[in-house]
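So the sequences go chain by chain: A and B. The numbering of the first sequence is the working numbering, which starts it at 36 and goes up by one. The numbering of the second sequence is the working numbering, which starts it at 36 and goes up by one. A short worksheet on the structure shown next.
2 protein chains.
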Amino acid sequence: MKINEHVATLESSYLFSRIRQKVKEYKTQNPGRPVTNLGIGDVTLPLVPAVVDAMTKAVSEMGVADTFRGYCDEQGYLFLRQAVCDYYVKKDISLHPDEVFISDGAKSDLGNILDVFARENRVLIPDPVYPVYVDTNVMAGREIVYIEGTIDNGFLPMPDWNVKADIIYLCSPNNPTGAVYNKEQLETWVEYALENSAVILFDSAYEAYIQDKDLPTSIYEIDRAQECAIEFCSLSKTAGFTGVRCGYTVVPLKLVSSGVSINKLWLRRQTTKFNGVPYIVQRGAQAVFSEPGLAQIRRSVEYYMENARLIAQRLAELGIWYVGGDNAPYLWLKCPDGMSSWTYFDYLLSTAGIIGTPGAGFGLMGEGFFRFSSFGKRNDIITALQRL
Amino acid sequence: MKINEHVATLESSYLFSRIRQKVKEYKTQNPGRPVTNLGIGDVTLPLVPAVVDAMTKAVSEMGVADTFRGYCDEQGYLFLRQAVCDYYVKKDISLHPDEVFISDGAKSDLGNILDVFARENRVLIPDPVYPVYVDTNVMAGREIVYIEGTIDNGFLPMPDWNVKADIIYLCSPNNPTGAVYNKEQLETWVEYALENSAVILFDSAYEAYIQDKDLPTSIYEIDRAQECAIEFCSLSKTAGFTGVRCGYTVVPLKLVSSGVSINKLWLRRQTTKFNGVPYIVQRGAQAVFSEPGLAQIRRSVEYYMENARLIAQRLAELGIWYVGGDNAPYLWLKCPDGMSSWTYFDYLLSTAGIIGTPGAGFGLMGEGFFRFSSFGKRNDIITALQRL
């Protein structure tokens, strides 16, 4: 048997294990000194009551013969797909439930969607970037071209019309930078995709953090995007579902390549390699989209955004360049005094007991930058900022 | 963008939709006449109390800040991987928790595992077969050779040493036939795999239904199997988890190809394209392996096996050839009077109001055969058998 050499050559991601190692050493050498994690990508607030109630009820249903549910439709229960459609109606976007696929999270679908595309596609990926976009394409042996995020473009790179690409990754609000594309910028991307017969894989996992009503929370707010874009969203950050595992992927019926419906290809992929999301989880997700659920998760988002505001305020006081934090839970800052990402990591940890994420872990263009996250606890963040 | 033509050429599976259509027509034409489904592949008994209690507690933990859990290790919580190891100890098999990967079900992992193998592998698949083995390899463009299950070999095909293969699928107890390989047969398969440097993908999803203590419930009961086999198991049929979604895959540390650890490749695949199974579900799965859990699921298995015994008894009375039903929830019968699978389907439905699954839906060698399942409700089965 021959292995897939592309997987074998893929380097292990040492980013977070290296951080863990350094923090461990610091704590050993500095017992009793406070350490605060401002690098955390995971949420800290518990599930909201509407979700807990719905899941408790669903568990109990599963223990009774009359209400027990076995295999579900791989695409997800209609009650949840309809709830997602209703959520999009609030954005003035009309979807059919057949266009919505319930998943166990955006990460899975962002990787698995590649099954429906040929290996001979050229992939366009922004740098810095969520490493999953790169690694999944390396695994499949695809050619990757990068577009550079810089201070000059506010870490919102735009298409180079001289470069032809087939598959384009966009993440807005962005992980790791917290930057958000405006309508005009996304219009340009849609125009570029249509011109190149390319598909945009649009990661909107942080859409719930957008505060500015003029910024698009979905690629489908852009005209004709349904002809060229797949949208991936997750309840991980929207509703604290990082440990519950539920997301949704929208594959529009209008998305067709050489007469073949991508929606039908994806359905065939999912019915063959996936067996759907737990009933209990789907009931929890449905509750997120209920009126009480939406009100409750809004308060969680406000809590994290107030954290982001406090971090941003302190960075401004210190005169540190940054982007993000106003419509996203992440802040992306330039390491002061020309420090490298890892030098700044060591400096922050030793002088202020603060852990962040070195930008170099997100690609070449991330070197010299640093990510703060607002998912921590308020008091921890306040005391850490005093030490910054 | 170019699509993956292999997915596009894959035919939709019409088996179950065709059955649904035929049943609907029958019911319209024969209002009031009883119809019983003996073809059902889904379980009907509810979750056992140990599982319901564990999941209720886990949901409640997720609603409280101090006990809330976010992202878990993609490989699964150690408490569950350890519980799986303890379950194998009962089979006299010693595993390390690093060898156990918690999944959302065997179907996902059986498809996704192919990511770690090159396309240039020759795949050996028994016929008749669970269609997922074939479809996932067609999607990837791999060459498939079939080995034939027949009445002569009791639907337990053995290797042809003249045929070289790299990836071998075995399912025992078998879906759809209910046939179970004995130790000597599996020893031959392991010998063949080692000789060919091939990997066996061993689907043991129905292992809990084995009654005969001499039959292996895991490929690792065979000497040296840890050098050539990956085992996929699921709690779907073991504990009624079809709608809960949890399984486990064992990739032994001894499984190495050209110096590369397949365990490490799979870990890299999973950390890149998967984000783990819900905490709530993992607590439910842990409860399955507890002493009360094991006792409770044993009663469910006994219930289904009594159904199987009743079906087998009636088939024997009628002089119909069949296999399975003694150590598996499925019975595989030869359609009487040389009828084709679909002719027998129509005949059974119109004369006895019984729905089964035509063997032709499981491959060429399934033509002329028929699958009954024992997952129905006792009274429904008893009255249906009276009409048979």
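No residue lacks a Cβ here, since even glycine has one placed at the ideal position from N, Cα and C. Because the structure is a prediction, the values reported are computed rather than measured.
Linking Gln64/B to Ser207/A through their CA atoms gives a straight-line distance of about 55 angstroms. Residues of chain B with a Cβ closer than 8 angstroms to the Cβ of Phe152/A are, in chain order, Met36, Lys37, Ile38 and Asn39. Between Phe190/B and Trp356/B, the alpha-carbon positions lie close to 12 angstroms from each other. Under the three-state reduction of DSSP, Arg259/A is assigned to coil, being neither helix nor strand. The beta-carbon of Ala233/B is placed less than 9 angstroms from the nearest beta-carbon of chain A.
At a cut-off of 9 angstroms between C-beta atoms, Val358/A does not count as an interface residue with respect to chain B. For Asp201/B, the C-beta contacts it makes with chain A under 9 angstroms involve Met36 and Lys37, in order along the chain. Excluding five sequence positions before and after Val167/A, the CB atoms of its chain that fall closer than 7 angstroms to its own CB belong to Lys142, Leu145 and Gly146, given in chain order.
Ranking Asn197/B, Asn310/B, Arg53/B and Ala320/B by CA distance to the CA of Ser271/B puts Ala320/B first.
For the pair Val295/A and Ala43/B, the Cα-to-Cα distance works out to about 8 angstroms. Chain order gives the chain B residues near Val295/A as Ile38 and Ala43, where near means a beta carbon separation below 8 angstroms. In the three-state scheme derived from DSSP, where H, G and I count as helix and E and B as strand, Val198/A is classed as coil. Between the C-alpha atoms of Gly396/A and Arg334/B there is a straight-line separation of about 52 angstroms.
The alpha-carbon separation between Ile160/A and Asp170/A amounts to approximately 11 angstroms.
It is roughly 9 angstroms from the alpha-carbon of Pro364/A to the alpha-carbon of Phe407/A.
Here DSSP, grouped into helix, strand and coil, assigns Val295/B to strand. Taking a Cβ-Cβ cut-off of 9 angstroms, Leu159/B has no neighbours in chain A, whose nearest Cβ is about 11 angstroms from it. At a cut-off of 9 angstroms between beta carbons, Glu262/A makes no contact with chain B. Straight through space, the alpha carbons of Asn156/A and Leu399/B are spaced by roughly 35 angstroms. Its chain contains Glu222 and Val225 as the residues whose beta carbon lies nearer than 8 angstroms to that of Asp258/B, once the 5 sequence neighbours on both sides are disregarded; these appear in chain order.
Beta-bridge partners of Thr392/A (DSSP): Arg406/A. For Asp77/A, a Cβ of chain B is located within less than 9 angstroms of the residue's own Cβ. The straight-line gap separating the alpha-carbon atoms of Trp301/A and Thr252/B is approximately 35 angstroms. The beta carbon of Ile179/A sits no closer than 9 angstroms to any beta carbon of chain B. Using a 10 angstroms sphere on the CB of Trp367/B, the tally of other CB atoms reaches 16 or more, which defines it as buried. As DSSP reads the structure, Asp162/B sits in a beta bridge with Glu183/B. A Cβ-Cβ contact shorter than 9 angstroms links Gly388/B with Pro69/B. Under the DSSP assignment, Asp238/A falls in the beta strand (DSSP E) whose first and last residues are Val234 to Asp238. Distance between Gln220/A and Lys92/B, taken at the CA atoms: about 47 angstroms. Spanning the alpha carbons of Gly74/A and Ala100/A requires a straight line of approximately 46 angstroms. Looking at the DSSP output, Lys369/A shares a beta bridge with Phe404/A. The DSSP-derived three-state label of Val285/A is strand. Listed in chain order, the positions of the stretch 255-282 of chain A with a beta carbon within less than 7 angstroms of a beta carbon of chain B are Thr277, Gly278, Val279 and Arg280. Cβ-Cβ distances below 6 angstroms link Tyr106/A to nothing in the same chain once the five nearest sequence neighbours on each side are left out. Annotated three-state conformation of Ala153/B is coil, per DSSP.
Burial state of Leu383/A is buried, judged by a 10 Å Cβ sphere holding 16 or more other Cβ atoms.
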